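Protein chains: 2
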Amino acid sequence: MRRPAKTPPAKSPSAGRRSAKPRPAVAARAPAAKPYHHGDLRRVLIEAAMQLVGEGGPEAVSVREAARRAGVSPGAPFRHFPSRDALMNAVAEEAQRRFRAEIVAALADAPPGDPLGRFRCLGIAYLRWAMKNPTHFEIISSRRFFDHDRSAGVSSDNAELIGLTERTLAEAFSAGQLAARDLKQVQIAGRALVYGFARMHIDGHLPRWGVAEAEAEQMAADIVDLFIAGIARPAAKV
Amino acid sequence: MRRPAKTPPAKSPSAGRRSAKPRPAVAARAPAAKPYHHGDLRRVLIEAAMQLVGEGGPEAVSVREAARRAGVSPGAPFRHFPSRDALMNAVAEEAQRRFRAEIVAALADAPPGDPLGRFRCLGIAYLRWAMKNPTHFEIISSRRFFDHDRSAGVSSDNAELIGLTERTLAEAFSAGQLAARDLKQVQIAGRALVYGFARMHIDGHLPRWGVAEAEAEQMAADIVDLFIAGIARPAAKV
DNA sequence: AATCCGTGTAATCACCGCTTACATTCACAA
DNA sequence: TTGTGAATGTAAGCGGTGATTACACGGATT
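And the structure:
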């Protein structure tokens, strides 16, 4: 369902697959990770699924299509993922990992002396990634693909990000850069702001600014600055 | 798909339907709208779909299940909706209508003298409805179910809401209640804030506050107040 | 060398969206 | 009153999907 007229009658692209199986060029080169039958189906499936997500969003991912792209039978993926949702979980974890990596990297470039500036940097990096990878961000957002609280690895990724913002905010407060009193409120409001802007961008709720997205990114920065100006101590305004 | 073991073999609940068709009690009472075969299938289908959305989110809606609940054959709905998406569009329009109605009603109760207070009222009403009807809000948000720009009726509903906030904001500015300069930025930031908070609530990104949701609602109000304090002229703070 | 378990295949099931051909029944008019 | 056309619903079926089962293969262990 939900993919009615995609590959019409088109004879199976894997005809005679058995004899001509590509076998990702892992012969006698290196033992690699898992040189079993396929080589590394699990990873290939995740990559295929991520590609599908990038092409048509989460709904465009089907186990069969991922199997097709990996060159295996429709039932093979179920040896690695008990269900489609499990595959999506893996995809979401991978996306979350990349998201976190980029945020942390961006923050590493920020000057350590100005907590509020680092907070701003955090928001900008967040929005930049979300707008550049809308479908992947969509997966991360929706709890349908993993529980942010459970799901070991991802939980720590996400928790680390939240902890990072909390710490940065606390430092800004200690440095006397904040006028706002309740840090928890500020933290949640900040998250809601960037999350909302990112999702508005994804969901098509933003005016159709220039196709170049430069305007959207400018607006993203403006929004973050507006928020920060709102919580900053008047004398310390940037 | 996506509903593997729901109604097991369970014999069709519509056995012998033909003779005992309920016919929504519209015999000689009143001409009603469309007392055709079924009575008013279109509306019944929309209501069934809305119920399904309320039970399991947008993904849980299937044309066949809606038809089942309406007591008609699986193909019948396609006489009224050319596709599943068209049905979802109708559901979304209905949800959007109710959303708009509640917002407007809430604003009608607000004192006309204080634009910024009305703006706050807008945000609170928005969040209250979104948190009380999470799945319906989800449908409204996702552009997959209708283009907010096209889709006649809904477009006006949505545009009206946006226009309302713009006007309220402009009034607040004229009244000297705002410190922020760029009204467009403020408007988008405000929308992003409430949209983000609502979606965080839906997507499970908020701490598990009390089950009573009272805490979430309190936090929602706090967030709105924090934002308003951030854009308000210092002397005019509420 | 024999065995075992992880992996992939083939076949199959129920459910889905959607289409087509056919049956029914209301509405309007001669 | 009686046709007749259009609106509505039914039955059957297509291809696609997630998921399960029985079977085949092959590297790793003994």
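Order-wise, the sequence lines are chains A and B. First residue of the first sequence: 1, per the working numbering; consecutive thereafter. First residue of the second sequence: 1001, per the working numbering; consecutive thereafter. Beta carbons: idealized from backbone N, C-alpha and C, even for Gly. Given the structure is predicted, the values throughout are model-derived calculations rather than measurements.
Between A/V194 and A/R120, the beta carbon gap of about 11 Å keeps them out of contact (Cβ cut-off 8 Å). Nearest CB-CB separation between B/R1128 and chain A: not below the 7 Å threshold. Around the beta carbon of B/E1094, 16 or more other beta carbons lie within 10 angstroms, which makes this residue buried.
For the set B/V1061, B/G1123 and B/V1044, the Cα lying nearest the Cα of B/A1189 is the one of B/G1123. Around the beta carbon of B/W1129, 16 or more other beta carbons lie within 10 angstroms, which makes this residue buried. Under the Cβ criterion of 7 Å, A/A189 is counted among the residues facing chain B. Contact check for A/T168 against A/R233 fails: the beta carbons are separated by 7 Å or more. Per DSSP, the beta bridge partners of A/A232 are A/L178.
Looking at B/P1207, B/A1101, B/R1208 and B/V1211, the one whose alpha-carbon comes closest to that of B/D1157 is B/A1101.
For a Cβ distance threshold of 8 Å, nothing in chain A lies close to B/G1054: the least Cβ distance comes to about 16 Å. If you check each beta-carbon in the segment 210-235 of chain A against every beta-carbon of chain B, the ones closer than 8 Å belong to M219, D222, I223, L226, F227, A229, G230, I231 and P234.
From the listed residues A/G210, A/A221, A/M131 and A/M88, the smallest Cα separation to A/P58 is found for A/M88. The residues I1046, in chain order, have a CB closer than 6 Å to that of B/A1090 in the same chain once the five nearest residues on each side in sequence are set aside. Among the residues facing chain A, B/A1170 is not included, as its CB has no counterpart in that chain under 7 Å away.
Here A/G230 is buried: its Cβ has 16 or more other Cβ atoms, across all protein chains shown, within 10 Å. Interface flag for A/S142 against chain B is set, since a Cβ pair is found closer than 7 Å. For B/H1136, the uninterrupted alpha helix (DSSP H) segment begins and ends at P1134 to S1141. Between A/A70 and A/V44, the gap from beta carbon to beta carbon is short of 7 Å. The way I'd put it, the segment 131-142 of chain A doesn't touch the segment 79-87 of chain A; fewer than three beta-carbon pairs between them come closer than 8 Å. Annotated three-state conformation of A/A221 is helix, per DSSP. Chain-order list of chain B residues neighbouring A/A92: empty, with the shortest C-beta distance near 12 Å, by a criterion of under 8 Å. Residue environment for B/G1196: buried (at least 16 other C-beta atoms within 10 angstroms of its C-beta). Among the residues of the segment 1191-1206 of chain B, those with a Cβ less than 9 Å away from any Cβ of chain A are R1191, A1192, L1193, V1194, Y1195, G1196, F1197, A1198, R1199, M1200, I1202, D1203, G1204, H1205 and L1206, in the order of the chain. For B/V1072, there is no enclosing alpha helix (DSSP H), since its DSSP letter is neither H nor E. For the segment 172-183 of chain A, residues whose beta-carbon sits nearer than 8 Å to a beta-carbon of chain B comprise A180 and D182.
Look at A/Q51: its C-beta is not under 7 Å from any C-beta on chain B. Within chain A, the residues placing a beta-carbon under 9 Å from that of B/V1186 are L226, ordered along the chain.
Comparing alpha carbon positions, the residue from B/A1066, B/S1142, B/G1163 and B/R1097 closest to A/R199 is B/S1142. The beta carbon of B/A1049 lies closer than 8 Å to those of V1061, A1066, L1087, M1088, A1090 and V1091 in the same chain, with the five residues before and after it left out. Here B/F1099 really is in contact with B/I1140; their C-beta atoms are around 6 Å apart, less than 8 Å. Between the alpha carbons of B/H1201 and A/F173 lies a distance of about 27 Å.
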